[in-house]
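K.L.:
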Amino acid sequence: MSDTKTVRTRFAPSPTGYMHVGNLRTALYAYLLARKNGGQFLLRIEDTDRERYVEGAVDIIYNTLKQAGLQWDEGPDIGGPCGPYIQSERMGMFKGYAERLVESGHAYYCFCDKERLEEMKRVQQASGIPPMYDGHCRNLTKEEIAEKLAAGIPYVIRQKCPRTGTVSFHDEVFGDITVDASVLDDQVLIKTDGMPTYNFANVVDDHTMGITHVVRGSEYLSSTPKYNLLYEAFGWEKPVYIHCSPVMKSATEKLSKRNGDASFEDLIAQGYLPEAVVNYIALLGWSPKGEEEIFSLAELVEEFDIAGISKSGAIFDPLKLKAINGAWIRRLSPETFAALAEPYIRKTCRKEDLDIPAVAALLQPRTELLQDIPEQVDFIDALPDYDIALYTHKKMKTNAETALAALQAALPVLEALPDWTADAIHEALFGLIAAQGVKNGWMLWPIRVAVSGKQFTPGGGIELCAILGKEESLSRIRTGIEKLK
RNA sequence: GGCCCCUUAGUCAAGUGGGUAAAGACGCCGGCCUCUCAAGCCGGAAGCGCGGGUUCAAAUCCCGCAGGGGUCGCCA
Numbered sequence: 000m001s002d003t004k005t006v007r008t009r010f011a012p013s014p015t016g017y018m019h020v021g022n023l024r025t026a027l028y029a030y031l032l033a034r035k036n037g038g039q040f041l042l043r044i045e046d047t048d049r050e051r052y053v054e055g056a057v058d059i060i061y062n063t064l065k066q067a068g069l070q071w072d073e074g075p076d077i078g079g080p081c082g083p084y085i086q087s088e089r090m091g092m093f094k095g096y097a098e099r100l101v102e103s104g105h106a107y108y109c110f111c112d113k114e115r116l117e118e119m120k121r122v123q124q125a126s127g128i129p130p131m132y133d134g135h136c137r138n139l140t141k142e143e144i145a146e147k148l149a150a151g152i153p154y155v156i157r158q159k160c161p162r163t164g165t166v167s168f169h170d171e172v173f174g175d176i177t178v179d180a181s182v183l184d185d186q187v188l189i190k191t192d193g194m195p196t197y198n199f200a201n202v203v204d205d206h207t208m209g210i211t212h213v214v215r216g217s218e219y220l221s222s223t224p225k226y227n228l229l230y231e232a233f234g235w236e237k238p239v240y241i242h243c244s245p246v247m248k249s250a251t252e253k254l255s256k257r258n259g260d261a262s263f264e265d266l267i268a269q270g271y272l273p274e275a276v277v278n279y280i281a282l283l284g285w286s287p288k289g290e291e292e293i294f295s296l297a298e299l300v301e302e303f304d305i306a307g308i309s310k311s312g313a314i315f316d317p318l319k320l321k322a323i324n325g326a327w328i329r330r331l332s333p334e335t336f337a338a339l340a341e342p343y344i345r346k347t348c349r350k351e352d353l354d355i356p357a358v359a360a361l362l363q364p365r366t367e368l369l370q371d372i373p374e375q376v377d378f379i380d381a382l383p384d385y386d387i388a389l390y391t392h393k394k395m396k397t398n399a400e401t402a403l404a405a406l407q408a409a410l411p412v413l414e415a416l417p418d419w420t421a422d423a424i425h426e427a428l429f430g431l432i433a434a435q436g437v438k439n440g441w442m443l444w445p446i447r448v449a450v451s452g453k454q455f456t457p458g459g460g461i462e463l464c465a466i467l468g469k470e471e472s473l474s475r476i477r478t479g480i481e482k483l484k
């Protein structure tokens, strides 16, 4: 690659609440694009709206990004050459930039008050005209401006957009887009209070921070022409745009911030692994070249290509997230999984001497969500009260009668067992099965039912006996015999 | 409503006019394995929004329609 310029991307969230997966996906793509090209990924907090500011939201942004593994190279907490990285701390610089635009004729002072603006909008709507600024102050003379300024009339600075012709821009995802200049509103750049609007601050910040590739939601598609006009007015090089369609909750609703399980931290709390969430959202609206779908963050960096980003919105599918989470859980080393699973196992198993690694080994291929674990092992501490109908299984050819015979045959053999290990139990029971000439299930199914009292269990009778221990297993088998008599 | 954008199975999607019987994944259904449930393996059903055109050839190009999304703030 002979790219002369380093790729610099940024994630620029506003601290207005928690991060939902759509935000995180945008951050992820920006991160991947930077890493893929050996560039930098920046974090900039856009906190200029003090009314929507939510206490603690910045920490949520930090924590989410960290948990997801999206390490930023420059940001509020670690600094960098283009700081400050908190927009509210950059306020001083914007007005000067806006005035440069006024000088060059790309912006102008506007003294219209709220009343006039509202009246204008009302009239426009009443006559079916799309509401936009009518250009009332577009051509004030220098004298008029000086006069109003001197009189202390509040003003804003508006961008002076062309009135005729078309404006085009290129987006890496959507291709070339052309709009009629007449639809471009003379948007406010500097507010009455002297502060910049988001649209203005964003452009100035992106430029001054050297951002080369802008990754953001497709809701900015329609304001991009105005952004480009700004870049052109300043004589700045325009960034490459990568607009991403939204993550949807259904075909018609965008994923909402109100939807609790759409937030990254909620997903983690539900027992999803950060790796799995990252893996899944990468796939939501982007597709890799090959057929593999399970990727670590490092692998995603290798695989990522903006050409794979799709144009249409993608519906968030919890089922697929779960499947990917399951795949990640199965990939974990037994030790790692046991450590993760232990607190969940402990929710229903209080027995001190429980062999956690052994239980975890049974659980690992059977767990898609850590939260599913407690229910799977709820029979370990105490035998549930169960119906003897469980002993009847058509395929095993068992019923209450045969089960009683099986348990009675197995009991003395197990009682006589010196070593209580899965292997020893297996050997003993299969010896008995062979000696009696019965089917495995005829003997084993009743044992599994007797020791668990459940229809479904992680692992078979032999494995469960090993986990429960000799005394408890035998006791449960005796209980079974009593119930069946 | 104006403007912009999107439209391949239930979902995520590959596909970029001449070797497609239209990949793959999740889910679903069936089978194998098996002492249950999983895991694993094998197989199956399921799709190019609609209508025109261009072409020897269209999911791929053009036009129209429909549906959906976005935007139209001194919010970000």
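Everything in the first sequence is counted per numbering that gives the first Met the number 0, starting at 0 for the first residue and increasing by one.
Positions of the beta carbon are idealized from the N, C-alpha and C atoms, including for glycine.
All of these numbers come straight from a predicted model, not from anything done at the bench.
1) Helix, strand or coil: how does DSSP classify residue 70 here?
2) Could you tell me the distance, in whole angstroms, from the CA atom of residue 85 to the CA atom of residue 14?
3) What does residue 157 pair with, by DSSP beta-bridge criteria?
4) Do the CB positions of residue 233 and residue 99 come within less than 9 Å of each other?
5) I need the straight-line Cα distance from residue 120 to residue 128, nearest angstrom please.
6) By how many angstroms is the C-alpha of residue 210 removed from the C-alpha of residue 181?
7) Roughly how many angstroms lie between the CA atoms of residue 491 and residue 419, to the nearest whole one?
8) Would you check whether the ligand SAM has a heavy atom nearer than 8 Å to the C-beta of residue 431?
9) Compare the beta carbon distance of residue 158 and residue 93 with 9 Å and say whether it is the shorter of the two.
10) Rounded to whole angstroms, what is the Cα-Cα separation between residue 479 and residue 452?
11) Between the alpha carbons of residue 366 and residue 342, how many angstroms are there, rounded?
12) Are three or more beta carbon pairs between the segment 468–477 and the segment 428–441 nearer than 8 Å?
13) Are residue 389 and residue 448 close, meaning C-beta to C-beta below 9 Å?
14) Please classify residue 310 as buried or exposed, where buried requires at least 16 other C-beta atoms within 10 Å of its C-beta.
15) Reducing DSSP to helix, strand and coil, say where residue 119 ends up.
16) If you reduce the DSSP assignment to three classes, tell me which class residue 454 lands in.
17) Am I right that residue 461 and residue 425 are in contact with their C-beta atoms under 8 Å? What's the rounded C-beta distance?
18) Work out the CA separation of residue 72 and residue 362 for me, nearest whole Å.
19) Have a look at the DSSP bridge pairing and note the partners of residue 285.
20) DSSP state of residue 195, grouped into three classes?
21) Work out the CA separation of residue 4 and residue 154 for me, nearest whole Å.
22) If you count every other CB in all the chains shown that lies within 10 Å of the CB of residue 397, and 16 or more means buried, which is it?
23) Spell out the partners DSSP gives residue 39 in its beta bridges.
24) For residue 319, is the classification buried or exposed, using 16 other Cβ atoms within 10 angstroms of its Cβ as the cut-off for buried?
25) With distances taken between CB atoms, is the gap from residue 96 to residue 203 smaller than 9 Å?
26) Do residue 315 and residue 17 have their CB atoms nearer than 9 Å?
27) Using the C-alpha atoms, what's the distance from residue 67 back to residue 196?
28) Out of 340, 11, 179, 109, state which residue places its alpha-carbon closest to the alpha-carbon of residue 61.
29) Does the Cβ of residue 148 have 16 or more other Cβ atoms within 10 Å, making it buried, or fewer, making it exposed?
30) Between which residues of its own chain and residue 385 is the CB-CB distance below 6 Å, once the five residues before and five after are set aside?
31) Spell out the partners DSSP gives residue 247 in its beta bridges.
32) What's the gap between the Cα of residue 189 and the Cα of residue 113?
33) First and last residue of the alpha helix (DSSP H) that includes residue 468?
34) Is DSSP giving residue 178 helix, strand or coil here?
P.N.:
According to the data block:
1) In the three-state DSSP reduction, residue 70 falls in the coil class, being neither helix nor strand.
2) It is roughly 11 Å from the alpha-carbon of residue 85 to the alpha-carbon of residue 14.
3) 107, 187, per the DSSP bridge assignment.
4) Residue 233 places its beta carbon less than 9 Å from that of residue 99.
5) Linking residue 120 to residue 128 through their CA atoms gives a straight-line distance of about 9 Å.
6) Straight-line Cα distance between these residues: approximately 29 Å.
7) Here the chain has residues from 0 to 484 only, and residue 491 is not among them.
8) Questions concerning the ligand SAM fall outside what the structure shown contains, since it holds no ligand whatsoever.
9) Going by C-beta atoms, residue 158 is not nearer than 9 Å to residue 93.
10) The alpha-carbon atoms of residue 479 and residue 452 are separated by roughly 9 Å.
11) Taking the straight line from one Cα to the other gives about 14 Å.
12) The segment 468–477 is not in contact with the segment 428–441.
13) Taking 9 Å as the Cβ cut-off, residue 389 and residue 448 qualify as a contacting pair.
14) Classification for residue 310: exposed.
15) Annotated three-state conformation of residue 119 is helix, per DSSP.
16) Coil, per DSSP.
17) That belief holds up - the Cβ atoms of residue 461 and residue 425 are roughly 5 Å apart, short of 8 Å.
18) Rounded to whole angstroms, residue 362 to residue 72 spans 39 Å at the Cα level.
19) Its beta-bridge partners are 308.
20) DSSP places residue 195 in the strand class (E or B) of the three-state scheme.
21) Distance between the alpha carbons of residue 154 and residue 4: 39 Å.
22) Counting of Cβ neighbours within 10 angstroms places residue 397 among the buried residues, the total reaching 16 or more.
23) BP columns for residue 39 point to 7.
24) When all chains shown are included, residue 319 counts as exposed.
25) A contact, by the Cβ cut-off of 9 Å.
26) In this structure, the beta-carbon distance from residue 315 to residue 17 does not fall below 9 Å.
27) Near 31 Å, if we compare the C-alpha coordinates of residue 67 and residue 196.
28) Minimum Cα distance to residue 61 is reached at 11.
29) Counting Cβ neighbours within 10 Å, residue 148 comes out exposed, since fewer than 16 surround it.
30) Excluding residues within five positions, the ones whose Cβ falls inside 6 Å are 452.
31) Answer by DSSP bridge pairing, in chain order: 253, 314.
32) Residue 189 and residue 113: Cα-Cα distance of roughly 15 Å.
33) Bounds of any alpha helix (DSSP H) do not take in residue 468, whose DSSP letter is neither H nor E.
34) Note: residue 178 maps to strand in three-state DSSP.
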